[in-house]
Structures are given as C-alpha cells and as structure tokens.
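Participant:
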Amino acid sequence: MDNQLLSQDEAFHNCFFYFVKALGVMSLEPAAQYETMGKFNVAWEIKHDVLDAGISLQSWPGLYLGKAEKDEIARFVVSVKALPQAALMSTEDAVHHPNWTSLRVGAARLIQLLELPVKNNLEFFQIKSAK
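Read left to right, the sequence shown gives residues 58 to 188 (this note's numbering).
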C-alpha cells in the first residue's frame, strides 16, 4: 500500500463525493434510507455522514466552492445538528421523525444548488480513472 498523502485536489474531491453521497441518502424516503444504510443505527449514521464532510467543506481552503455554496452547506449543517435525540434513536422509527421531512427536502435542494461542483467532482474522478 502506498503511504503518499492525498493532494489537496484529491482530498477535496473525496470529501465532496462522500458529502453528496450522504445528502443523497438523506434525501431518500425512510424505507429507502433504512435499506441503503444497512438497517442499524440509520438516523445516527446519516447524520454523522453529512456532518463529517459538511463541516470540513464549509471551511475548505481554495476555490473549490464559492462563498454562497459554503454558506448553504453551513446552513444545512446547522439544521442537521439540530436533530433532536428522538430523531436519532437506533430504531427504524427514528427516520420517520417529523424533523427528517425538512432535512430530506433540504438535502435534495442542496444537491441541486451544488450542481456545478457535483459536475466538477464527477469529471475529476473520470479523469483520474482514465490515467
């Protein structure tokens, strides 16, 4: 295994890829979330997948994301952090909590707002895999 550090480009694109993937899962209906995440601690896992990358992206150095995009990510992170404990239980009922409804809509909306960075992210991995 190679011990080289990731370049800043690669680190950003990996972080962004997993953030968008987490947003995609968050935007799914409860049954699909539950199936996608493996049926264990689903609400907590989705929350932390979004937060782990989202917190990093909102302050990522460089020109990968514009201020407006970072601001939208930051606003969404705040709303995810505000999930009450009842919405994070380890049962399937957690993702049926009413607070998840607005997060599903918000996640889908954020993916749309990030359309250009998503396109750039896909291109980065296509170019990288072609090398």
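Quick reminder that beta carbons are idealized off the backbone N, C-alpha and C, glycines included.
What you are looking at is a predicted structure, and each value in this text was computed from that prediction instead of being measured.
Would you decide whether residue 139 is buried or exposed? Buried here means 16 or more other CB atoms lie within 10 Å of its CB.
Facilitator: Counted from its first residue, the sequence shown places residue 139 at position 82. Residue 139 comes out exposed.
Participant: Does the pairing of the stretch 78-97 with the stretch 113-122 give three or more beta-carbon distances under 8 angstroms?
Facilitator: In this structure the stretch 78-97 does not touch the stretch 113-122; the number of beta carbon pairs closer than 8 angstroms is below three.
Participant: Using CA atoms only, rank isn't needed, just tell me which of 74, 63, 62, 64 is closest to residue 177.
Facilitator: The sequence position of residue 177 within the sequence shown is 120, counting from 1. Nearest option by C-alpha distance: 74.
Participant: With burial defined as no fewer than 16 other Cβ atoms inside 10 Å of the residue's Cβ, what is the status of residue 155: buried or exposed?
Facilitator: The residue given as residue 155 occupies position 98 in the sequence shown. Residue 155 is exposed by the Cβ-count criterion.
Participant: What span of residues does the alpha helix (DSSP H) with residue 83 cover, start to end?
Facilitator: Stepping through the sequence shown from its first residue, residue 83 is reached at position 26. Start and end: 65-83.
Participant: Quick one: grab the DSSP three-state call for residue 123.
Facilitator: The residue you call residue 123 lines up with position 66 of the sequence shown. Coil at residue 123, not helix or strand.
Participant: Could you work out which residue in 108, 153, 174 is closest to residue 135 when comparing CA atoms only?
Facilitator: As a working note, residue 135 is residue 78 in the sequence shown. Minimum Cα distance to residue 135 is reached at 108.
Participant: My assumption, with CB atoms under 8 angstroms, is that residue 119 sits in contact with residue 65. Please give the rounded CB distance.
Facilitator: Here residue 119 corresponds to residue number 62 of the sequence shown, with the count starting at 1. Here residue 65 corresponds to residue number 8 of the sequence shown, with the count starting at 1. Correct: roughly 7 angstroms between the Cβ atoms.
Participant: Near residue 181, what residues of its chain come up, given a Cβ to Cβ distance below 6 angstroms and the 5 sequence neighbours on each side ignored?
Facilitator: Counting from one through the sequence shown, the residue named residue 181 turns up at place 124. So the qualifying residues of the chain are 70.
Participant: How big is the Cα-Cα spacing for residue 185 and residue 126?
Facilitator: Locating residue 185 in the sequence shown gives position 128, counting from the first residue. Locating residue 126 in the sequence shown gives position 69, counting from the first residue. One C-alpha to the other measures close to 24 angstroms.
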